[in-house]
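Visitor: Reading the sequence shown from the start, the letters are residues 2 to 326 in my numbering.
Note that the Cβ used here is the ideal one computed from N, Cα and C, for glycine as well.
Quick caveat: nothing in here was measured; it's all calculated off a predicted structure.
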Amino acid sequence: VGTACDEGEVFTAVMQRDQSEVERIAKYYDYIEVQPPALYQDLLDRELIRDNETLVEIYERILEVGKTNQIPVIATGNVHYVHEHDAIARRILIASQPGNPLNRSTLPEAHFRTTDEMLDAFHFLGADRAHEIVVENTKALAERIEKVVPIKDKLYTPNMEGANEEIRALSYNNAKKLYGEDLPQIVIDRLEKELESIIGNGFAVIYLISQRLVKKSLEDGYLVGSRGSVGSSFVATMTEITEVNPLPPHYICPKCKKSEFFDDGSVGSGFDLPDKTCECGTELIKEGQDIPFETFLGFKGDKVPDIDLNFSGEYQPQAHNYTKV
2 VGTACDEGEV FTAVMQRDQS EVERIAKYYD YIEVQPPALY QDLLDRELIR
52 DNETLVEIYE RILEVGKTNQ IPVIATGNVH YVHEHDAIAR RILIASQPGN
102 PLNRSTLPEA HFRTTDEMLD AFHFLGADRA HEIVVENTKA LAERIEKVVP
152 IKDKLYTPNM EGANEEIRAL SYNNAKKLYG EDLPQIVIDR LEKELESIIG
202 NGFAVIYLIS QRLVKKSLED GYLVGSRGSV GSSFVATMTE ITEVNPLPPH
252 YICPKCKKSE FFDDGSVGSG FDLPDKTCEC GTELIKEGQD IPFETFLGFK
302 GDKVPDIDLN FSGEYQPQAH NYTKV
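Now the structure itself:
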């Protein structure tokens with residue numbers, strides 16, 4: 002815990018109270034902060050600090066408190082913006098607040114200073130002491146802080162019990178409706194390849210949420226468009242998230258379920274196949290866009306699925322609310 006800027010209780014105590022009281026207050030903190038003289042300009046403007054000589058005395062008192070009580074003194078920047086030229090943005094913000102006391106004084110230079118700029122700002126303390134509070138004590142404090150990762154390195158999906166089993170069942174059931182009970186080996190191989198990655202990496206719930214949203218929208222009479230690379234997932238096709246079939250170009254008979262695949266590269270898209278009638282007399286369906294699964298989840302199958310769905314603008318609020326159910 003640091004003592005903060007000029008509005009912190011330690012800095013205020015240094016200006017108003019005796020040394021023993023300052024030390025009592027300072028002992029609560031892990032480190033004492035001091036900032037470049039430019040950061041205290043508003044205090045000088047408002048005559049809360051008489052002059053620059055008085056400001057130097059305040060620095061000396063703070064350094065003495067730190068030394069006496071073995072509390073590291075660290076130079077900080079009270080940073081409000083990154084670059085010096087960004088100061089105008091803060092001036093505009095403060096000017097829009099009539100009651101802000103900073104409106105009555107010059108705003109301090111609160112940009113993100115480099116190490117050299119900080120050393121230069123504290124040169125009046127001497128090179129050794131400036132280096133101590135700008136570099137040495139800062140590094141020592143950093144070494145005491147445990148590594149904190151604000152963004153989790155793992156995927157935290159919602160917990161939907163039975164998601165793995167449901168996605169597998171949906172995939173196979175719909176595949177059998179389309180290709181027959183005796184599934185072609187190419188269909189089985191593709192499903193297993195995808196399901197291994199999807200279930201193995203905890204992505205089934207992402208597919209299931211998408212499937213339920215699409216199903217709900219269609220049931221309510223609103224079409225859903227899928228875009229992006231989700232069309233390269235055959236599981237997404239079989240769970241009716243997308244209408245794109247990524248298998249090699251092929252014919253399917255909607256009646257007897259016979260299929261004929263062209264996986265030799267001779268045909269780029271199933272839509273380019275010539276019209277054909279099945280032996281049973283039924284006109285064959287032409288399918289397959291020959292898109293590798295790796296296009297969607299990467300070569301290792303571990304890329305988090307990015308399923309982009311376009312809902313009707315009229316229906317979007319209902320789709321959003323449905324995710325809360």
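1. Out of ARG228, VAL80, ILE168 and TYR29, which one is the CA nearest neighbour of PHE204?
2. As a quick exercise: from THR296, VAL66, GLY302 and LEU214, pick the residue whose alpha carbon is nearest that of VAL23.
3. In whole angstroms, what separates the C-alpha of LYS259 from that of TYR180?
4. Where does LEU310 fall in DSSP's three states?
5. ILE63 to HIS84, Cα distance in whole Å?
6. Looking only at its chain, what residues have a beta carbon closer than 6 angstroms to the beta carbon of ILE26, apart from the 5 residues adjacent to it on each side?
7. Judging by CA-CA distance, which residue of VAL57, GLY282 and ASN311 is the nearest neighbour of VAL225?
8. Thinking just about the alpha-carbon of each residue, which of LYS287, GLY229, LYS277 and TYR252 is nearest to the one in THR296?
9. Just the Cα atoms here: how many angstroms apart are ILE1 and HIS112?
10. So for SER227, helix, strand or coil by DSSP?
11. Does the region 260-279 touch the region 203-221, meaning 3 or more C-beta pairs lie closer than 8 angstroms?
12. Among GLU61, ASN175 and GLN212, which has the Cα closest to the Cα of ASP309?
13. With DSSP as the reference, label GLU1 as helix, strand or coil.
14. Who are VAL35's beta bridge partners in DSSP?
15. ASP264 and PRO249 look like a contact to me (Cβ under 8 angstroms); what is the Cβ gap, rounded to whole Å?
16. For GLY203, which of helix, strand or coil comes out of DSSP?
17. Which value, in whole angstroms, describes the spacing of the CA atoms of ILE286 and VAL150?
18. Verify whether the separation of the beta carbon atoms of VAL236 and SER172 is less than 8 angstroms.
19. Reducing DSSP to helix, strand and coil, say where GLY271 ends up.
20. Nearest CA to the CA of THR243: which residue from GLU110, GLY282 and ASN175?
21. Can you grab the Cα-Cα spacing for the pair ASN101 / LEU108, in whole Å?
22. Distance, Cα to Cα, VAL231 vs GLN186?
23. Below 8 angstroms on the Cβ atoms is my contact criterion, and I expect GLU110 with ALA39 to pass it. Report the Cβ-Cβ distance as a whole number of Å.
24. List the whole-angstrom C-beta distance separating HIS251 from GLU288, where the pair is believed to meet the contact cut-off of C-beta under 8 angstroms.
25. Using CA coordinates, which residue listed in SER198, GLY282, ILE59 and PHE262 is at the minimum distance from LEU45?
Guide: Per the coordinate set shown:
1. Residue ILE168 is the option with its Cα nearest to PHE204.
2. Cα-wise, what sits closest to VAL23 is VAL66.
3. 7 angstroms
4. DSSP, reduced to helix, strand and coil, places LEU310 within a strand of the structure shown.
5. 28 angstroms
6. Hits under 6 angstroms: GLU10, VAL11 and ALA14.
7. ASN311
8. GLY229
9. As shown, the chain starts at 2 and ends at 326. That puts residue 1 outside it, with no answer to give.
10. strand
11. no
12. GLN212
13. Summary: the structure shown does not reach residue 1, with the chain confined to residues 2 through 326, and so no result is reported for it.
14. ALA76
15. Sure, about 4 angstroms apart at Cβ, within 8 angstroms.
16. Note: GLY203 maps to coil in three-state DSSP.
17. Distance between the alpha carbons of ILE286 and VAL150: 52 angstroms.
18. yes
19. helix
20. ASN175
21. So the two alpha carbons sit approximately 11 angstroms from each other.
22. C-alpha separation (whole angstroms): 22 angstroms.
23. 5 angstroms
24. 6 angstroms
25. ILE59
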